[in-house]
Structure formats: C-alpha cells, structure tokens
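Undergrad:
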Amino acid sequence: MTLDPAAWFASLPAHFASASVLFTDADDRVLLVKPNYRPGWSIPGGVMEAAEFPHQAAEREVFEELGLRVTPGELLVVHWQLPDGNRPRSLVTFVFDGGTLPPDAKVTLQEEELDEYGFFPWSQAAELLPEPVRPRLLAARDARKQGRAVYLYG
C-alpha cells in the first residue's frame, strides 16, 4: 500500500524547535532573561513557529522579549534533546550570536512573559541557568572562541 504524501508526513515523528540569541555587553557579561512562567533564567529566545526558519524565530523572539531589532549572526550551537517527563517530543534548539550590545541599546522588557533581565559574568550566568540550558551557554562561549558551531545532544 502506498501512502499519499500528506499521510506519510503525518506518520513521521514530530519535534519541538526553538531559537535563542547570545548577547554580551562591552564587559563580556552575558545577557539573560528571567521568565515569569518557569523557574530560573534563560538565554533570550523561544519556540519556533511552524512557518519560520531558526534565524527568523531568533529575530522575532528577541524583538518580542527585549524590543531589540537585531539580525542574528553566526550559528553557535545546535542542541538536540530527547523527550523527557515534561516534554513529550524531542527538542532542537539553535543558538545564534547576537554579538556585543552597545551601551546605548534600549531594552524594552516583555512584561507578559519576563520579570527581569540582567548582564552576568559567564560563571554566574551558567549557575543561574537550569541544567538543560547551561551546556548551551558554555558551548556558545566555546563556539564564539573557536569560530565554529557546536553540536550538543542529550
């Protein structure tokens, strides 16, 4: 029996996808946001919509969350996570380089989803992030230094 293309695609596994942007300031501190809908801090970004590319999702999310119009730079990290107890599907996250924000960058926080934002030294930023996000941050730092993207899994 041959499936029509729509039925075949419907039979394939589905995955969640998200995109984030890593920003630092002139003192090489990391910009993090604090969501109000879950504990801990996060790298600015969010879930991709069905009809957008990862870099478009990153750009949209940064504008929604921070009011900043930026074009994401190089891809730093691709992070694949398998389903877990709270997430029934795999998640792939793309982290792009946002570069160094100038001192006069005007952040307008999206208060519907975020309580605050801040710039933190790398070590403190890593401590503030929940376990699934922490390796992404450290890999993004390494990718910036090495000039090539890092693939994470797990």
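Numbering (full-length UniProt numbering), first residue to last: 1 to 154. Here a beta-carbon is modelled for each residue, glycine too, at the ideal position from N, C-alpha and C.
Excluding the 5 residues flanking V107 on each side, which residues of the same chain have their C-beta closer than 7 Å to its C-beta?
TA: Taking the sequence shown and counting its residues from 1, one reaches residue 107 at position 107. These residues qualify, in order along the chain: L66, G67, L68 and Y117.
Undergrad: Can you tell me which residues form a DSSP beta bridge with P35?
TA: One-based indexing of the sequence shown puts residue 35 at position 35. P35 is bridged to L114.
Undergrad: With DSSP as the reference, please indicate the residues paired to N17 in a beta bridge.
TA: Along the sequence shown, one-based indexing puts residue 17 at 17. It is worth fixing the name first, because residue 17 is Ala in this sequence and not Asn. Its beta-bridge partners are V92.
Undergrad: Under 7 Å Cβ to Cβ from P135, same chain only, skipping five residues before and after it: list those, please.
TA: By one-based count along the sequence shown, residue 135 stands at place 135. So the qualifying residues of the chain are L152.
Undergrad: How would you call T93, buried or exposed, if buried means at least 16 neighbouring beta carbons within 10 angstroms?
TA: Locating residue 93 in the sequence shown gives position 93, where the first residue counts as 1. T93 is buried by the Cβ-count criterion.
Undergrad: Beta-carbon separation of D25 and F119 under 8 Å?
TA: Counting from 1 along the sequence shown, the entry for residue 25 is found at position 25. Counting from 1 along the sequence shown, the entry for residue 119 is found at position 119. Contact flag set, yes.
Undergrad: Who does G46 pair with in a DSSP beta bridge?
TA: The count along the sequence shown starts at 1 and reaches residue 46 at position 46. Answer by DSSP bridge pairing, in chain order: A19.
Undergrad: Is it right to say F96 is buried, meaning 16 or more other beta carbons lie within 10 angstroms of its own, or is it exposed?
TA: Indexing the sequence shown from 1 puts residue 96 at position 96. With 16 or more Cβ atoms within 10 Å of its Cβ, F96 is classed as buried.
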